[in-house]
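Structure first, then comments.
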Amino acid sequence: MLTLDFEEPVLEIEKQIESLGSSEDSDRYADEITQLRQTRDRLLAKTYASLTPWQTVRVARHPNRPQSSDYIRMICRDFCELHGDRHFGDDPAIVTGFARIGSMKVLVVGHRKGRTTSERIACHFGCAHPEGYRKALMKMRLAEKYALPIVCFIDTPGAYPGVGSEQRGQAEAIAMNLREMSRMRTPIVAVVIGEGGSGGALGIGVGDRVAMLEHSWYSVISPEGCAAILWKEANEKTNNLAASALSLTARQNLENGLIDDVLQEPSGGAHRDPEVTAKGIETWVLDQLRELGRLKPETLVRRRFEKFRGIGAVTTRVVDRAIEE
Amino acid sequence: MAEKTTPRTWDDVQTVTQTKKAVPEGLWMKCPACGETVFRKAVESNLRVCPKCDHHLRVGGPERVEQLLDPGTFESTNSDMAPRDPLNFVDLKPYTERIQGAQSRSGENDGLQTGSGFIKGRKVVAAVMDFNFLGGSMGSVVGEKLADAIEAAADRDLPLVVISCSGGARMQESGFSLMQMAKTSAALGRFHDEGGLFISVLTDPTFGGVTASFAMLGDVILAEPHAIIGFAGPRVIKQTIRQDLPDGFQTSEFLLKSGFIDRIVHRHELRNEIGRLIDYAGK
Ligand SMILES: [Zn+2]
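Chains as they are written, first to last, in our numbering: chain A, 111 to 435; chain B, 654 to 936.
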């Protein structure tokens, strides 16, 4: 497993544990090994409890971090993938399909990053094209028609910036999803599982309830994009500054009222225990869907509308026009 | 020479006296498209279209309001709504300083004018973005004012005309800005359900979170000629694909050909075209 630089002290201890454990007389060191394990656990917990925003972004991008397909495998039964937008193609960067979670039948929509190099390239590293957003909308309409709740897994650096994506209306596709998701007459829950990059994330994120995994990020732009524009250059230092300035962590988004819940990750991040993380997501999703399922569609749509309608930070200031003229 | 250039005979040329400037500008200016030196007043009285090459220059928010609406009919709403700095955002400069700078330069509180008025005698709710105010970026104020305007159009059963001119979402409000995309789109969803007419006018430039929300949700979408319009900025695309971009990429003409806008409209014809559309589709 890839070690992030700030995890190196943990790695050092793990190396010691390994070398003691693999030595011929490892039995003699049982106490030391136990102690080292405790030290490692404490250090890991401490490190992850005080990640900087930029470190959080790097955990959110960890190559071993569970992805939509992993959660679908761990949470869903009888997943029935549905392909294609019926207009242009089938974007592998967004996966959609029917599934069962617990006793519920749902429609799952998620960004797909891919694990192997060829998968990652095919999925454009989780950056969807317009046909991906249109596929998502088409299947969501299907869910609405059959009164199935919708479960979205958000994990994208952003919508794909390319010639074809512009030509095929990336902006229109996202805009239409925002409008249509806001008035869909079936419950929608969304979890940011890794990266919540801008409009590409929101394009499947207009939910009745939105949660973020503890070490995921969600913001109007990636730290690198922000650094390149506002600090004129993206480097380790400015990425750090931009990540902090953007208030992109789960905790900050919750404090700002932009999401509804933060889902705790196991010590050391979701990649250290995908099963436990998946269980947490499953419990949250089922809890939300049970509550939302009691609401009439009109109430559901009205509350969802009011939730997004209410977001904004404004004040009043009277302009003294006499001075300007 | 430029002095000889007479404004075209569209029926209601705005005079330069209507656009008051705190600071007097030079008599001459250079057209960014053809490079010709032109008499500034000739450009201004020509709705900021270059008299030499027909290039559509950017128009600030207040001036655009005067261009768009029948003289003296605009009643501004929410003009005292101003931004906060919910995240205490600091990049090379604090956001509060950027706001104050933009406010004192423009005399406006933020980059969107909203209100009601008449276009060619048809009553409308109008919203006009101002690129001069922090790049026309959409933060909470732009989102909130626009959502209010959409709701006013719905309540009063009026057509809605929005002129977009923006680099996209305002980074300094991060998640708050992002959620304005959902907010404005949701408000348009209701307006759509209620049968309202939304005419979206795209001008140079329209990008990012603005294009990917309300700007692309028009019942009819118009664009000014040769405007640059897109989701991702050309530089970002170039870096991603590591190839040169095709000629005319992300222009109004490119969007028309790709099927994403209804008409390209010369600025001189904009009022006529909007009036015509309202007669077809308005209530
Ligand atoms: Zn010119």
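Beta carbons are placed, not taken as given, at the ideal position from N, Cα and C, and that holds for glycine. Values in this document were obtained by computation on a predicted structure and should not be read as measured data.
Buried or exposed by the 16-neighbour rule on C-beta atoms within 10 Å, applied to residue i
i, result
"residue 243 of chain A", "buried"
"residue 393 of chain A", "exposed"
"residue 803 of chain B", "buried"
"residue 798 of chain B", "buried"
"residue 668 of chain B", "Low per-residue confidence applies at residue 668 of chain B: pLDDT is 30, beneath 50, and the placement is therefore not dependable, though the value from the model is reported in the following sentence. Looking at its Cβ environment, which holds fewer than 16 other Cβ atoms inside 10 Å, residue 668 of chain B is exposed."
"residue 661 of chain B", "Here residue 661 of chain B scores only 30 on pLDDT, less than 50, and its place in the model should not be relied on; the value that follows carries that caveat. Answer is exposed; the Cβ neighbour count stays below 16."
"residue 687 of chain B", "exposed"
"residue 828 of chain B", "buried"
"residue 741 of chain B", "exposed"
"residue 837 of chain B", "buried"
"residue 176 of chain A", "buried"
"residue 936 of chain B", "exposed"
"residue 111 of chain A", "exposed"
"residue 896 of chain B", "exposed"
"residue 313 of chain A", "buried"
"residue 833 of chain B", "buried"
"residue 764 of chain B", "buried"
"residue 924 of chain B", "buried"
"residue 772 of chain B", "buried"
"residue 406 of chain A", "exposed"
"residue 718 of chain B", "buried"
"residue 332 of chain A", "buried"
"residue 676 of chain B", "Note on residue 676 of chain B: pLDDT 42, under 50, position unreliable in the model; no value is reported."
"residue 929 of chain B", "exposed"
Under 8 Å from the C-beta of residue i: neighbouring residues of chain A
i, result
"residue 836 of chain B", "418, 419, 421, 422"
"residue 806 of chain B", "The contacting residues do not exist; residue 806 of chain B stays about 15 Å from chain A at best."
"residue 903 of chain B", "276"
"residue 737 of chain B", "423, 424, 425"
"residue 862 of chain B", "308, 309, 330"
"residue 733 of chain B", "426, 427, 428, 429"
Closest Cα partner of residue i within the set the options
i, options, result
"residue 245 of chain A", "A:223, A:224, A:231, A:217", "A:217"
"residue 113 of chain A", "A:172, A:134, A:135, A:143", "A:172"
"residue 976 of chain B", "B:936, B:918, B:929", "Residue 976 of chain B is absent from the structure shown; chain B starts at 654 and stops at 936."
"residue 913 of chain B", "B:698, B:869, B:859, B:710", "B:869"
"residue 921 of chain B", "B:830, B:885, B:696, B:894", "B:696"
"residue 794 of chain B", "B:709, B:724, B:805, B:739", "B:739"
"residue 184 of chain A", "A:395, A:428, A:410, A:389", "A:389"
"residue 694 of chain B", "B:684, B:785, B:680, B:685", "B:680"
"residue 362 of chain A", "A:327, A:118, A:258, A:317", "A:327"
"residue 340 of chain A", "B:732, B:751, B:699", "B:751"
"residue 197 of chain A", "A:330, A:331, A:278, A:369", "A:278"
"residue 916 of chain B", "B:928, B:728, B:876, B:923", "B:876"
"residue 299 of chain A", "A:187, A:395, A:408", "A:395"
"residue 809 of chain B", "B:749, B:908, B:777", "B:777"
"residue 704 of chain B", "B:682, B:720, B:715, B:745", "B:682"
"residue 270 of chain A", "A:136, A:235, A:158, A:247", "A:235"
"residue 415 of chain A", "A:286, A:344, A:291, A:155", "A:291"
Distance between beta carbons of residue j and residue i, contact taken as under 8 Å
i, j, result
"residue 871 of chain B", "residue 852 of chain B", "6 Å"
"residue 264 of chain A", "residue 315 of chain A", "5 Å"
"residue 398 of chain A", "residue 319 of chain A", "5 Å"
"residue 272 of chain A", "residue 890 of chain B", "6 Å"
"residue 424 of chain A", "residue 734 of chain B", "5 Å"
"residue 150 of chain A", "residue 179 of chain A", "About 30 Å; that fails the 8 Å criterion."
"residue 879 of chain B", "residue 859 of chain B", "Contact flag wrong, Cβ pair sits at about 13 Å."
"residue 894 of chain B", "residue 857 of chain B", "The Cβ separation is near 23 Å, so there is no contact."
"residue 796 of chain B", "residue 306 of chain A", "Wrong, their Cβ atoms sit about 18 Å apart, outside the cutoff."
"residue 123 of chain A", "residue 153 of chain A", "7 Å"
"residue 297 of chain A", "residue 402 of chain A", "4 Å"
"residue 722 of chain B", "residue 779 of chain B", "6 Å"
"residue 622 of chain B", "residue 789 of chain B", "Given a span of 654 to 936 for chain B in the structure shown, any question on residue 622 of chain B remains unanswerable."
Under 7 Å from the C-beta of residue i: neighbouring residues of chain B
i, result
"residue 282 of chain A", "869, 913"
Listed by chain order, chain B residues near residue i by CB distance under 8 Å
i, result
"residue 167 of chain A", "Correct list: empty, because the minimum Cβ distance to chain B is about 13 Å."
"residue 279 of chain A", "869, 911, 912, 913"
"residue 183 of chain A", "Residues of chain B passing the Cβ test: none, with the nearest at roughly 30 Å."
"residue 469 of chain A", "The shown model of chain A, from 111 to 435, leaves out residue 469 of chain A, and the question about it has no answer."
Of the residues that make up the segment 875 to 901 of chain B, which ones have a beta carbon closer than 7 Å to any beta carbon in chain A? Against chain A - using a Cβ distance shorter than 7 Å - the residues of the segment 875 to 901 of chain B are 883, 884, 885, 889, 890, 893, 894, 898, 899.
Near-chain B residues of the segment 315 to 331 of chain A - C-beta to any C-beta below 7 Å: Within the segment 315 to 331 of chain A, the residues whose Cβ lies closer than 7 Å to some Cβ of chain B are 316, 328, 329, 330, 331, listed in chain order.
Interface residues of the segment 827 to 855 of chain B facing chain A [CB-CB below 9 Å]: In summary, the residues of the segment 827 to 855 of chain B whose CB is separated from some CB of chain A by less than 9 Å are 827, 828, 829, 830, 831, 832, 833, 834, 835, 836, 837, 838, 839, 840, 841, 842, 843, 845, 846, in the order they occur in the chain.
When Cβ atoms are compared, which residues of the segment 778 to 808 of chain B fall closer than 7 Å to chain A? For the segment 778 to 808 of chain B, which is checked against every Cβ of chain A, the residues closer than 7 Å are 793, 794, 796, 797, 800.
What residues come near ligand 3, if near means a beta carbon less than 6 Å from any of its heavy atoms? You won't find ligand 3 in this model; what it holds is ligand 1.
Residues of the segment 224 to 239 of chain A with Cβ closer than 8 Å to any Cβ of chain B, in chain order: Those residues of the segment 224 to 239 of chain A that come within reach of chain B (Cβ to Cβ, closer than 8 Å) do not exist; the list is empty.
Output needed in chain order: residues of the segment 246 to 272 of chain A with a Cβ under 9 Å from some Cβ in chain B. Those residues of the segment 246 to 272 of chain A placed with their C-beta closer than 9 Å to a C-beta in chain B are 268, 269, 270, 271, 272, ordered along the chain.
Contact list for the segment 189 to 215 of chain A against chain B, Cβ threshold 9 Å: Taking 9 Å as the cut-off between beta carbons, none of the residues of the segment 189 to 215 of chain A comes near chain B.
Of all the residues that make up the segment 740 to 765 of chain B, which are near chain A by a beta-carbon distance shorter than 8 Å? Flagged, chain order: 740, 742, 743, 744, 745, 756, 760, 761, 762.
Please name the residues in the segment 691 to 723 of chain B whose beta-carbon is closer than 9 Å to at least one beta-carbon of chain A, in chain order. The residues in question: there are none.
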